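Just so we're aligned: 14 in the numbering used here is position 14 of the sequence shown, and the numbers increase by one with no gaps anywhere.
A short worksheet on the structure shown next.
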Amino acid sequence: MNLFPEGTILHENIPYQNDTLKKHLLDIYLPANAKGKIPLVVFIHGGGWLSNDKYADMGYMKETVSEILESGYALASIDYRFSTQAVFPAQMLDCNAAISYLVDNADKYGFDVDRMALMGFSAGGHLASMVGLVKNNKVDAFFIPGSNKNFSFKGVVDFYGPADLTLFPGANDAKSPEGILIGAAPLNRPDLAKAASPVSYVDENDPPFLIIHGEKDDLVSPHQSQLLSSWLTVKGVPNELIIVKDAPHFGPMFDVEEIRTKVMAFLRKGLD
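Written as structure tokens, this is what we have:
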């Protein structure tokens, strides 16, 4: 727990779907001495949609995670089913179900559901972008029937998330991570790839975005973030794209003060 400021309250491994699936768990970190209704940042991990867990990405984002809590925000980190267990849109169903749970239990934990933001890394950046962009499109296929859809977001922080599945070098390979996600090579099934690509859902009613990508990313090209930023700009959605010089796909270069200051300023603008 050395990641977290002293006094942080952890509610660990909460089942958010009333089942026993290990991937249907979330953790809630509440800031010390929280008073009144507290804003919430929903944290979605990366791992190619087929690895890692709700603790991933926190290790190299220590300072940012710590500052989120020190700023008086709650953090909820969610797990979701891997693409090897269930193809898309299972991951969207899970992310939205987790958020529905957080909204339904806001009073219990003290959340202010009118002040929520999303933050995701790599595949989690993709999912955070999807959740944020799709919310106003009312896509029933992304929600469990009967779950609470009464929520929206003040902002999305997308760290090097895929924006268009057909842009990948492996888009003609069904065994690539993006192929496994949709159950087919994206270029063979552009319909499925489109349904799972954030750029498909950009419209003028979307929340503001802060998009951060490494210049030397060899897993997800910076072109992905550039395309998403351009679509947001075309539709008039406030957004900023930061290309981090010499940075790889992930790591402590994204936790430096210069980036952290931008992230926190973005969150404060939406959540304070």
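Ideal placement from N, C-alpha and C gives every residue a C-beta, glycine not left out.
Note that the structure is predicted; figures quoted are calculated from it, not measured.
Exercise. Buried or exposed: which applies to Gln-224, given that a residue is buried once 16 or more other Cβ atoms fall within 10 Å of its Cβ?
Worked result: Counting from 1 along the sequence shown, the entry for residue 224 is found at position 224. Buried, since its Cβ has 16 or more Cβ neighbours within 10 Å.
Problem set entry | Inside the region 154-234 only - alpha helix (DSSP H) runs reaching at least 4 residues | Listed in chain order, the complete alpha helix (DSSP H) runs (minimum 4 residues) inside the region 154-234 are 177-182, 190-195, 222-234.
Exercise. With a CB to CB cut of under 6 Å and the five nearest residues on each side skipped, what residues in its chain are close to Gly-236?
Worked result: Position 236 of the sequence shown holds residue 236. Taken in chain order, the residues that qualify are Glu-204.
Exercise. Looking at the structure shown, is Val-256 part of a helix, part of a strand, or coil, going by DSSP?
Worked result: Stepping through the sequence shown from its first residue, residue 256 is reached at position 256. Coil at Val-256, not helix or strand.
Problem set entry | Every unbroken beta strand (DSSP E) inside the region 43-86 [3 residues or more] | 74-78
Problem set entry | Cβ pair Ile-38, Asp-112 closer than 8 Å | The residue labelled residue 38 in the question sits at position 38 within the sequence shown. The residue labelled residue 112 in the question sits at position 112 within the sequence shown. Contact: yes.
Exercise. Got a sec, what are the start and stop residues for the beta strand (DSSP E) Val-237 sits in?
Worked result: Working through the sequence shown from its first residue, we reach residue 237 at position 237. Looking at the DSSP string, Val-237 is not in any beta strand (DSSP E), and its letter there is neither H nor E.
Exercise. Considering only residues of the same chain and omitting the five flanking positions on each side of Phe-88, which have a CB-CB separation below 6 Å?
Worked result: Looking up residue 88 in the sequence shown gives position 88. Within the same chain, Phe-88 has close Cβ partners Leu-181, Ile-182, Ala-196.
Problem set entry | 7 Å CB neighbourhood of Thr-64 in its chain, flanking five on each side removed | Residue 64 sits at position 64 when you count from the first residue of the sequence shown. Cβ within range, chain order: Asp-255, Arg-260, Val-263.
Exercise. In three-state DSSP terms, what is Val-244?
Worked result: Residue 244 sits at position 244 when you count from the first residue of the sequence shown. Three-state result, Val-244: strand.
Exercise. Just the Cα atoms here: how many angstroms apart are Pro-198 and Ala-247?
Worked result: Walking along the sequence shown from the start, residue 198 turns up at place 198. Walking along the sequence shown from the start, residue 247 turns up at place 247. Computed Cα separation, rounded: 23 Å.
For this session: List the endpoints of the continuous alpha helix (DSSP H) containing Asn-13.
Result: For the purposes of this step, residue 13 is taken as the residue at position 13 of the sequence shown. Not the alpha helix (DSSP H): Asn-13 falls in the beta strand (DSSP E), residues 9-15.
Exercise. Val-134 lies in the beta strand (DSSP E); which residues open and close that run?
Worked result: Along the sequence shown, read from residue 1 onward, the residue named residue 134 stands at position 134. Val-134 -> not in any beta strand (DSSP E); alpha helix (DSSP H) instead, spanning 123-134.
Exercise. Given 8 Å as the limit, is there contact between the region 62-77 and the region 168-176, that is, 3 or more CB pairs closer than that?
Worked result: no
Problem set entry | Residue interval of the alpha helix (DSSP H) (run including Ile-144) | The residue given as residue 144 occupies position 144 in the sequence shown. It is not in any alpha helix (DSSP H) - Ile-144 carries neither H nor E in the DSSP assignment.
Exercise. What are the residues that DSSP puts in a beta bridge with Val-300?
Worked result: The first residue shown for the chain is 1 and the last is 272, placing residue 300 beyond what the model contains.
For this session: Pick helix, strand or coil for Asp-104, following the three-state DSSP scheme.
Result: Start at 1 with the first residue of the sequence shown, and residue 104 comes out as number 104. DSSP places Asp-104 in helix when its eight states are reduced to three.
Exercise. Who does Tyr-109 pair with in a DSSP beta bridge?
Worked result: What you label residue 109 is simply residue 109 of the sequence shown in a count that begins at 1. For Tyr-109, which the question treats as bridged, DSSP gives no partner whatsoever.
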